[in-house]
Amino acid sequence: MTPHPAVDTHPLVHAYLADLERALAGADPRERADVLDGVREHLGEALGDGGPPETADVRRVLADLGPVEAIAAQATRAEPQPPVVGAPAAAPPDDTTSMIALITAIAAAAVFFIPFVSIPLAVGALVTAAVHLRSPGARKGRCWAAIAVATAMLLLMALAALFLVAQETITSDPGVVEPATPLTSVPAE
Amino acid sequence: MSTAADSVLTQLRKGVLEHCVMAHLRAEPTYGLDLAARLSRHKTLLDSEGTLYPLLARLRRAELVETEWRESDSGPPRRYYRLSEQGRQALATFEATWEPFQRDVRAVLEETR
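Going down the list, the protein sequences come from chains A and B.
Sequential numbering of the first sequence, starting at 119, is according to the working numbering.
Sequential numbering of the second sequence, starting at 52, is according to the working numbering.
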């Protein structure tokens with residue numbers, strides 16, 4: 119807003135305002151606008167009582183305002199993100215994905231003895247948690263818990279499978295040999 | 052004024068001058084030029100009138116001071132600065148703290164003279 123256009127056109131005022139604008143280049147944008155408006159109004163009020171201002175008056179008013187560097191030094195520097203004054207730090211939003219991953223991992227462990235349900239659940243939980251771990255809002259602790267539960271469950275499942283296969287081999291090996299003996303021996307009798 | 056004294060003043064003004072601005076707005080709202088004229092009556096507080104404006108901008112951002120436009124008898128409307136309720140409280144806190152603070156500083160300077 120330029121309430122006193124006659125003042126703005128005085129070369130010294132014009133140069134002063136241009137210098138101030140340049141000096142405020144690194145300042146917070148809202149503060150810069152407020153400062154420029156404030157100083158412009160100040161000049162308008164001090165010099166704008168009708169007719170073009172006398173150069174001597176302009177010099178006096180500008181001297182009272184002081185060097186533009188002194189004004190700019192008082193302004194807050196611009197920040198990459200506008201600071202929220204007085205507001206508490208925003209609480210992290212509840213992270214449902216990590217919660218779902220954890221619940222799925224626990225559910226997989228609960229139905230451990232139904233492998234065709236528990237294995238897909240555990241794999242799903244593991245993949246979800248591992249992928250989600252990279253997203254910015256992720257609750258890392260929860261993701262790691264889901265990964266730990268799912269991994270432990272899958273390892274146990276693998277151990278159980280190995281154990282069963284081993285059992286199968288032990289019990290079936292003699293079975294292969296045993297029926298062979300009667301088969302070969304029976305006709306011999 | 053010497054450069055050394057200037058730098059002491061710059062340090063001392065921090066956190067103090069803004070409360071002097073708010074104190075001037077305590078009785079009634081006023082506009083920039085009037086505020087600058089009142090403050091610069093005390094040269095240790097404000098030697099460059101222009102530095103008032105970044106200060107007002109910060110007070111406004113912190114919601115300690117509000118602005119409004121008012122008609123003027125001599126020219127275009129003026130931006131008036133008014134102390135907010137928050138500003139009033141901040142000023143009261145400052146005043147209650149400032150009294151013992153300046154008493155202590157003076158006492159230390161006198162005791163150690």
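Backbone N, C-alpha and C define an ideal beta-carbon position, used for all residues, glycine too.
| Item | Value |
| --- | --- |
| Limits of the beta strand (DSSP E) - the one that B/T118 falls within | V116 to R121 |
| C-alpha distance - A/V125 paired with A/L165, whole-angstrom precision | 7 Å |
| Residues bridged to A/A145 (per DSSP) | A/R195 |
| Where A/P185 meets chain B, residues with beta-carbon distance less than 9 Å | S99 and G101 |
| Inter-residue Cα distance where the pair is A/A243 and B/L63 | 60 Å |
| Paired residues, beta bridge with B/R133 - DSSP | B/E117 |
| Stretch-stretch touch, CB-based, cutoff 8 Å, three pairs: the region 223–239 of chain A with the region 180–188 of chain A | no |
| Pairwise C-alpha distance: B/E114 and A/S236 | 57 Å |
| Cβ neighbour criterion (16 or more within 10 Å) applied to A/P81 | Here chain A comprises residues numbered 119 to 307, so residue 81 of chain A is not present and cannot be evaluated. |
| Pair within 7 Å by beta-carbon distance, B/C71 and B/L96 | yes |
| Opening and closing residue of the alpha helix (DSSP H) in which A/I224 lies | T214 to A228 |
| Minimum C-alpha distance to B/E136 - residue among B/T148, B/F152, B/R111 and B/V156 | B/R111 |
| Chain B contact for A/V125 (CB, 7 Å cutoff) | no |
| Minimum Cβ-Cβ distance from A/V131 to chain B less than 7 Å | no |
| Nearest-angstrom Cβ-Cβ length linking B/L84 and A/H160, presumed shorter than 8 Å | 5 Å |
| Under the three-state DSSP convention, the category B/T81 falls into | strand |
| Chain A within 7 Å of B/L63, Cβ atoms only | no |
| The region 281–290 of chain A touching the region 240–259 of chain A, judged by at least three CB pairs closer than 8 Å | no |
| Residue from A/T215, A/R195 and A/M271 with nearest C-alpha to A/C261 | A/T215 |
| Proximity to B/E146 [Cα-Cα], best of B/S53, B/T54, B/T61 and B/M73 | B/M73 |
| A/A276 versus A/V176, A/V153, A/A240 and A/A136, residue with shortest Cα-Cα distance | A/A240 |
| Buried/exposed call for A/P171, threshold 16 Cβ in 10 Å | buried |
| Exposure of B/L160, with buried meaning 16 or more beta-carbon neighbours within 10 Å | exposed |
| Contacting positions in the region 121–138 of chain B - beta carbon closer than 8 Å to chain A | S125, G126, P127, P128, R129 and R130 |
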